[in-house]
Amino acid sequence: NIIMNEVICESPSATLTKLQEIVHLEESRKAKNQSVTVAKSPDEPAENASALIHESSKKGARKKKKGPYCEPGKHNPAATSHDEDHCYQLHPHLRPPRFSNQSQSEKATTQLVEVDDGHESEVSLLLVESENKPIVLDSGATHHMVNDPSCFTPVAETNVKISTGGHSNLLYATSIGKATLVNQEGKEVALDNVLLVPALTRSLISIPRLFNKLFTIEKTSGDGVRVCIDKDFTLQGSLKHNLLELVQCHFLEIKSFSSCYQSSPVRTNWHDRLGHPNEVYQRILIPKSEIEDCSICKECKLKALPFNGSFKKVSGVMDAIHMDLVGPFSTQSSAGFIYFLTLIDQYSGYQTVKFLKSKSETFQRFLEFKR
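Here it is in structure tokens:
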């Protein structure tokens, strides 16, 4: 079409110039396709591909700031940009949406590796991202896992590194402890060896750790599922995206004043433990606590009776002697005395001062005064 154009046919030089442009354009396209093929060739080593991507990403990229960073699941005290209460690694729900790289699509993962103190063991879980995050009953999970610290009673701190097969981010279990599962009827069951994973998208219940003798699953109407555990505990759930979700079940929230471990059968004396508060304030802090008769509070509120302005009358000398021992002094006298004793006879008003080297000489000085 270009050659048959009337203007080009009338001018041979224009035709030659146009053909040169077409050849140059075709060679440029071939060279570009060859460079792309070389970069994406499967025969090339993986290091080369990584290097190409790394070099291209460096262009125009800003240098990252150096400084102390918080590891996933653990706050770094050396960090100056935030405190522990606002750490995104411990509280991922505080992270602004613009900093979150989580995808909206659901991804299932059934394999992870748990490493703690150099010992490796396989742990299986099911990781799913969703807007609503009910508890998931997982047959492949070897541990119960929760993501809400308010429903968790810690027993010991740990740092379990969890790498998921379908996720680029690492998960960390920060504590191991206990939790209480409440079913749709309000019945409770205590769960032991529970891992606290703050970055986990939803809590997981391990079926192998949930029952001792008998475990049955019965499908009801629609997508409903009824789970019976050891014939005396039932869970109502539903199947969604091939997951068994316990929508009507939840974990019991642990209150701060009740999350204590009592190793003694003796009833707790809250009045003593709270620092002897007033009865009104104690009932506000611990509503069900008992108010006991406290001898310490009575002694602290005692007041000394006022002294009389005069002494009882006496009829003779030595009927009443007033004594006052003062000392010891940090600097002793040249003779070695560090105490002095004043003696006053009430009837005659006679008074004297005795010097002492020790308290044990007090009675001897009184006998000298009496003579």
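Take any residue in the sequence shown, count from 1 to its spot, add 677: that is its number in the working numbering. Quick reminder that beta carbons are idealized off the backbone N, C-alpha and C, glycines included.
Assigned secondary structure, residue i (DSSP; H/G/I helix, E/B strand, else coil)
{"i": "Ser915", "result": "strand"}
{"i": "Tyr849", "result": "strand"}
{"i": "Glu967", "result": "coil"}
{"i": "Ala833", "result": "strand"}
{"i": "Ile699", "result": "helix"}
{"i": "Ala723", "result": "Reliability fails at Ala723, whose pLDDT of 36 lies under 50, so the model's placement of it is uncertain and no value is given."}
{"i": "Leu951", "result": "coil"}
{"i": "His759", "result": "coil"}
{"i": "Glu704", "result": "helix"}
{"i": "Lys838", "result": "strand"}
{"i": "Ser827", "result": "helix"}
{"i": "Lys1036", "result": "helix"}
{"i": "Leu877", "result": "coil"}
{"i": "Thr694", "result": "helix"}
{"i": "Leu921", "result": "strand"}
{"i": "Leu771", "result": "helix"}
{"i": "Lys735", "result": "Unreliable positioning characterises Lys735 in this predicted model, as indicated by a pLDDT of 41, which lies under 50. The coordinate reading is nonetheless provided below. Residue state, collapsed to three classes: helix."}
{"i": "Phe1006", "result": "coil"}
{"i": "Cys945", "result": "First, the amino acid is wrong: residue 945 is Thr here, not Cys. Thr945 falls in the coil class under three-state DSSP."}
{"i": "Ala1012", "result": "coil"}
{"i": "Gly854", "result": "strand"}
{"i": "Ser780", "result": "Confidence at Ser780 is low in this model, with a pLDDT of 40, below 50, so its placement is unreliable and no value can be given for it."}
{"i": "Ala867", "result": "strand"}
{"i": "Val991", "result": "coil"}
Start-to-end residues for the alpha helix (DSSP H) that takes in residue i
{"i": "Ser972", "result": "Ser972 to Cys977"}
{"i": "Tyr958", "result": "Glu956 to Leu962"}
{"i": "Glu1045", "result": "Thr1039 to Lys1047"}
Residue i versus residue j - alpha carbon distance
{"i": "Lys751", "j": "Thr851", "result": "7 Å"}
{"i": "Leu877", "j": "Lys975", "result": "53 Å"}
{"i": "His999", "j": "Cys977", "result": "30 Å"}
{"i": "Lys1047", "j": "Leu982", "result": "32 Å"}
{"i": "Gly914", "j": "His820", "result": "20 Å"}
{"i": "Gln1028", "j": "Ile973", "result": "42 Å"}
{"i": "Phe1006", "j": "Leu1044", "result": "24 Å"}
{"i": "Leu848", "j": "Ile968", "result": "47 Å"}
{"i": "Cys971", "j": "Thr945", "result": "14 Å"}
{"i": "His763", "j": "Ala708", "result": "53 Å"}
{"i": "Asp1001", "j": "Asp949", "result": "39 Å"}
{"i": "Asp909", "j": "Thr835", "result": "33 Å"}
{"i": "Gln925", "j": "Thr757", "result": "42 Å"}
{"i": "Val866", "j": "Ser966", "result": "26 Å"}
{"i": "Leu693", "j": "Ile699", "result": "10 Å"}
{"i": "Leu979", "j": "Gly986", "result": "22 Å"}
{"i": "Glu862", "j": "His918", "result": "25 Å"}
{"i": "Lys990", "j": "Leu1020", "result": "18 Å"}
Same chain, Cβ closer than 8 Å to residue i, neighbours up to 5 away in sequence not counted
{"i": "Gly854", "result": "Phe829, Thr830, Pro831, Val832, Ala833, Val871 and Leu873"}
{"i": "Phe1040", "result": "none"}
{"i": "Ser1010", "result": "Phe1032"}
Range covered by the beta strand (DSSP E) that runs through residue i
{"i": "Phe892", "result": "Phe892 to Lys896"}
{"i": "Ala1031", "result": "With the sequence shown as reference, residue 1031 is identified as Lys, and Ala is not the correct amino acid for it. Taken as a continuous stretch (DSSP letters only), the beta strand (DSSP E) holding Lys1031 covers Gln1028 to Leu1033."}
{"i": "His821", "result": "His821 to Val823"}
{"i": "Asp815", "result": "Ile812 to Asp815"}
{"i": "Gly901", "result": "Gly901 to Ile906"}
{"i": "Asp1022", "result": "Tyr1016 to Asp1022"}
{"i": "Asp1001", "result": "Ile998 to Val1003"}
Sequence-distant residues of its chain with Cβ nearer than 7 Å to residue i (five each side left out)
{"i": "Asp907", "result": "Phe888, Asn889, Lys890 and Leu891"}
{"i": "Val994", "result": "Asp1022, Tyr1024 and Ser1025"}
{"i": "Val823", "result": "Phe829, Ala856, Val871, Leu873, Ser880 and Phe928"}
{"i": "Leu951", "result": "Gln959 and Leu962"}
{"i": "Asp869", "result": "Lys855"}
{"i": "Ser816", "result": "Ile884"}
{"i": "Arg772", "result": "Tyr765"}
{"i": "Ala755", "result": "Pro745"}
Cutoff 6 Å; reference residue i; Cβ partners in own chain excluding five residues on either side
{"i": "Glu895", "result": "Arg903"}
{"i": "Lys1031", "result": "Leu1018 and Arg1042"}
{"i": "Asn753", "result": "Pro745 and Cys747"}
{"i": "Leu920", "result": "Val813"}
{"i": "Ile1015", "result": "Gly1004, Pro1005, Phe1006 and Gln1009"}
{"i": "Cys905", "result": "Thr893 and Thr911"}
{"i": "Gly901", "result": "Ser915"}
{"i": "His953", "result": "Cys974"}
Residue i vs residue j beta-carbon contact at 8 Å
{"i": "Leu858", "j": "Ile882", "result": "yes"}
{"i": "Glu922", "j": "Pro769", "result": "no"}
{"i": "Phe984", "j": "Ala997", "result": "no"}
{"i": "Asn860", "j": "Thr911", "result": "yes"}
{"i": "Glu930", "j": "Ser827", "result": "yes"}
{"i": "Lys1036", "j": "Gly1013", "result": "no"}
{"i": "Leu767", "j": "Pro875", "result": "yes"}
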